[in-house]
Amino acid sequence: MLDLDRLPLSRKQLLSIGQATARINLWHGSVRSGKTIASLLAFVIAVATAGPSGLIIICGRSLQTIERNVLEPLQDAALFGPLARHVVHTRGSTTATILGRTVHLIGAADARAEGRLRGLTAQLAYVDEATLLPEGFWTQLLARLSVPGARLYATTNPDSPRHWLKVGYLDRAGELNLRAWHFKLADNPSLSPEYVADLAAEYVGLWRRRMIDGAWVVAEGAVYEMWDEDEHVVTDLPAMRRYWVGVDYGTTNATSAILLGLGVDDRLYACAEWRYDSRTKHRQMTDAQYSAAIRQWLTTWRHPAEQAPGVSPEWVFVDPSAASFSTQLWQDGLDNLARAVNDVRDGIRSVAAALAAGLLYVHESCEGLLSELPGYSWDPKATERGEDSPIKRDDHSTDALRYAVHSTAHEWRHLLTPHQRQEA
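For the sequence shown, my numbering gives the first residue as 81, with consecutive numbering after it.
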């Protein structure tokens with residue numbers, strides 16, 4: 081049923097599958113390096129040979145990520161052949177059947193998920209993207225693996241070198257019943273050179289060192305270390321094919337809106353900025369006043385090459401925590417609203433990739449944004465805790481830019497590699 085010879089596995093993948101007999105088995109390293117396939121094969125072999133005692137569990141950030149990262153690959157006949165027919169799952173269900181065994185699916189988005197494990201007795205567990213799970217959940221999961229010979233299989237991309245998984249487990253592998261395998265892109269024999277080059281183009285700075293080189297490195301210094309005012313600031317704008325807006329909302333802090341355009345030259349431009357800082361103005365505005373001001377800005381802004389004023393963005397991406405302000409905009413007739421995608425780390429990575437690729441530029445009129453970008457830095461206190469977070473200060477226009485850029489990443493990400501080739 082499970083024919084390893086049909087899969088193009090590397091020697092490291094095969095070794096890890098055969099050696100995954102410790103209590104904790106951990107595959108870590110770069111994206112698309114083959115660690116997930118190896119870990120899934122090891123887990124399925126364990127399911128096939130497991131005794132009847134104890135539950136079998138798959139854990140991940142959410143049920144949706146478990147379905148996407150674990151179950152869908154297992155159901156792919158191109159990868160797993162006849163085995164795929166023996167992986168049964170109804171989307172949205174908290175159980176699946178693998179080789180006739182019931183497998184329980186548990187999402188662990190926050191510390192409260194720990195309670196879902198209490199009282200369980202498990203013999204096998206698979207953890208997808210372990211660094212994204214709360215430490216308390218991981219600790220409780222290990223405690224639940226109490227059947228003799230119980231095992232945990234886990235994958236992860238690298239994170240901070242001070243992350244609890246690195247400090248408490250990987251660095252103590254010699255003290256624990258733990259085996260770990262570090263994977264790089266070269267360890268996946270199924271990837272073409274073209275794909276590897278394209279993938280490498282999407283990661284820069286901190287993320288390149290982690291996701292491509294597979295290194296557990298610290299976030300330090302400037303968030304946008306590739307920012308160069310001489311290179312990225314423009315005085316002229318080309319004709320634009322599309323527009324979007326990102327809005328960061330503040331009451332005691334500044335409210336900022338960034339107009340993002342996609343030029344006819346297939347590059348992104350922060351074309352204009354609207355900003356109101358109640359601290360410097362010594363007066364707060366109401367939601368209705370903010371709404372009126374931003375709508376007026378959109379109707380009066382004029383592209384330097386256009387005679388008629390006004391711009392109609394396809395979408396206005398608003399800070400998802402600003403529910404009352406979004407309601408006000410909607411009531412005032414701005415119906416092309418959307419909640420901004422607010423994953424901070426992924427959003428920063430999108431902006432960084434666009435800047436590094438020569439794809440994103442800022443017009444000289446965006447004074448607030450230009451003042452914030454050079455000083456936008458990682459928080460050293462968060463780094464000490466093993467977290468990657470920027471300092472929450474003077475970040476309102478940078479957040480608005482991130483909302484617009486990351487929420488539209490699916491529209492422009494394919495432009496990254498062509499632009500890098502042109503720059504080279």
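Heads up, the beta-carbon is just placed ideally off N, CA and C, and yes, glycines get one too.
Just so we're clear, the structure is a prediction, and the values are computed from it rather than from any experiment.
Counting only residues of its own chain and dropping the five nearest sequence neighbours on each side, A210 has a CB closer than 6 Å to the CB of A234, T236 and L245. Taking all protein chains in view, the Cβ of G301 is surrounded by fewer than 16 other Cβ atoms within 10 Å, so the residue is classified as exposed. In terms of CA proximity to R91, A118 leads the group I104, N105, V111 and A118.
If only uninterrupted alpha helix (DSSP H) runs of at least 4 residues are considered, those enclosed by the region 132-164 are 143-146 and 157-160. In the DSSP assignment, G109 falls within the unbroken beta strand (DSSP E) covering I104 to G109. Scanning the region 314-355 for uninterrupted alpha helix (DSSP H) segments of 4 residues or longer gives nothing; none is fully contained.
With a cutoff of 9 Å on beta-carbon distance, D423 and H486 are scored as near each other.
Between L449 and E255, the alpha-carbon positions lie close to 49 Å from each other. When rounded, the separation of the alpha-carbon atoms in A188 and A205 is 13 Å.
Beta bridge pairing from DSSP links A176 with V183. Per DSSP, the beta bridge partners of S457 are A302. Rounded to whole angstroms, E305 and L225 show a C-alpha spacing of 44 Å. Looking at the backbone, the Cα of A337 and that of V421 are separated by about 15 Å. Annotation for V313: V442 and E444 place their beta carbon closer than 6 Å to its own, counting only its chain and skipping 5 residues before and after. When C-alpha distances from G427 are compared across L414, V344 and W287, the shortest belongs to W287. Here the alpha carbons of W261 and A372 stand approximately 57 Å from one another. With respect to the C-alpha of L232, the residue from S173, S240, P238 and L222 having the closest C-alpha is L222.
The residues E305 and A432, in chain order, have a CB closer than 6 Å to that of G285 in the same chain once the five nearest residues on each side in sequence are set aside. In this chain, Y249 is not harboured by any alpha helix (DSSP H), its DSSP state being neither H nor E. One alpha carbon belongs to R181, the other to L151, and they sit about 14 Å apart. In chain order, L154, Q155 and I178 place their CB closer than 6 Å to the CB of V167, counting only its own chain and leaving out the 5 sequence neighbours on each side.
In the three-state DSSP reduction, L409 falls in the helix class (H, G or I).
For H383, there is no enclosing alpha helix (DSSP H), since its DSSP letter is neither H nor E. Taking each of P460, A158 and D474 in turn and checking the Cα distance to D468, the smallest one comes out for P460. Out of A253, A164 and I186, the CA that lies nearest to the CA of W107 is found in A253. Between the alpha carbons of T332 and A299 lies a distance of about 29 Å.
Shown here, Q93 sits in a helix according to DSSP, grouped into three states. For V183, the closest alpha carbon among the candidates L213, E215 and I146 is that of I146. Here DSSP, grouped into helix, strand and coil, assigns H262 to strand. In the structure shown, Q364 adopts coil according to DSSP, grouped into three states. Annotation for A368: Q408 and D412 place their beta carbon closer than 8 Å to its own, counting only its chain and skipping 5 residues before and after. F397 is bridged by DSSP to G326 and A418. The residues S110, R112, S113, L271, V276 and I292, in chain order, have a CB closer than 7 Å to that of L265 in the same chain once the five nearest residues on each side in sequence are set aside. Cβ neighbours of L378 within its own chain (closer than 6 Å, five residues either side excluded): V391.
T235 is bridged by DSSP to W107.
DSSP, read as helix, strand or coil, puts H443 in strand.
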